[in-house]
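>
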Amino acid sequence: MKKVQDYYFHKARKEKYPARSVYKLEEAQKKYRLLKPGNSVLDLGCHPGSWAMYAAKIVGSKGNVVGVDLQASSQPEVKGGAPISFLQGDIYDPEVIEILAAKGPFHVVMSDMAPKTTGNKFSDHVRSVELSQHALEIASQVLIPGGNFYCKVFQGEDFQAFVAEVGKLFGKSKIVKPKSSRSESREIFVLGTGYKG
Ligand SMILES: C[S@@+](CC[C@H](N)C(=O)[O-])C[C@H]1O[C@@H](n2cnc3c(N)ncnc32)[C@H](O)[C@@H]1O
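Written out as structure tokens, the structure is:
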């Protein structure tokens, strides 16, 4: 992944988050309050742990954050925050999903997953939509009714179909482009609130 040493990179360093991506969740949280104190949260693609740390801070000590990633991460701790537990695994592996589901149900499922980019915009988009669809499938297995879903997708021709799928499963859906997401980046976020169950 390309490291951008901009305002958000330095802000993340100062605030002791391992990645600038934390602000892509923080901005959505400030606007839409998708995470609430006491919530149980599943973080798909959690490495190196910024989203999980931020979520742990918001949901607090009565909440719980579970993360999964292909890459191994050291388990972060957030003073006064929710306990965080990370699992190394692939979300396409049914055994991994079984382990995660046993830790649920969850109030929020969030995914910042990204495929390894190839530089080919079309195939990167297709693989990102596949990952997002799989994240949505997992969310529909582990979310409580009324739960929320926040997911990164690379824009392209299948993007609107994905937004429509989220729209069918949730009371409300929104497309979010946080300021911390570079304007030249094709990434965008889809928020679904009020899982219909
Ligand atoms: C942008 S990073 C996540 C950053 C994280 N949200 C944070 O703030 O620290 C995307 C992650 O998605 C993970 N990922 C991609 N495909 C995955 C898969 N099939 N299963 C699990 N994790 C996956 C990658 O390994 C990568 O670490």
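Okay, so the sequence shown: first residue is 1250 according to the working numbering, each after it adds one.
Cβ atoms here follow ideal geometry from the backbone N, Cα and C, with glycine treated the same way.
1. Could you spell out the range, first to last residue, of the alpha helix (DSSP H) harbouring Ser1299?
2. Can you check whether the C-beta of Gly1441 is within less than 8 Å of a C-beta belonging to chain D?
3. Less than 8 Å between the beta carbons of Gly1287 and Lys1306, yes or no?
4. Alpha carbon to alpha carbon, how far is Tyr1281 from Glu1275? Give it in angstroms, no decimals.
5. Looking at the unbroken beta strand (DSSP E) that takes in Ile1437, where does it start and where does it end?
6. Quick one: is the Cβ of Asp1361 within less than 7 Å of any heavy atom of ligand 1?
7. Which class does His1356 belong to by DSSP, given the choice of helix, strand or coil?
In short:
1. Looking up residue 1299 in the sequence shown gives position 50. 1299-1308 is the extent of the alpha helix (DSSP H) around Ser1299.
2. The structure shown contains no chain D, having only a single protein chain.
3. Taking the first residue of the sequence shown as position 1, residue 1287 is located at position 38. Taking the first residue of the sequence shown as position 1, residue 1306 is located at position 57. The Cβ atoms of Gly1287 and Lys1306 do not sit closer than 8 Å to each other.
4. Walking along the sequence shown from the start, residue 1275 turns up at place 26. Walking along the sequence shown from the start, residue 1281 turns up at place 32. Approximately 10 Å between the Cα atoms of the pair.
5. Residue mapping note: residue 1437 aligns to position 188 of the sequence shown, counting from 1. Counting along the chain, the beta strand (DSSP E) containing Ile1437 begins and ends at 1436-1444.
6. As a working note, residue 1361 is residue 112 in the sequence shown. Asp1361: yes, Cβ under 7 Å from ligand 1.
7. Here residue 1356 refers to the residue found at position 107 when the sequence shown is read from its first residue. His1356 falls in the strand class under three-state DSSP.
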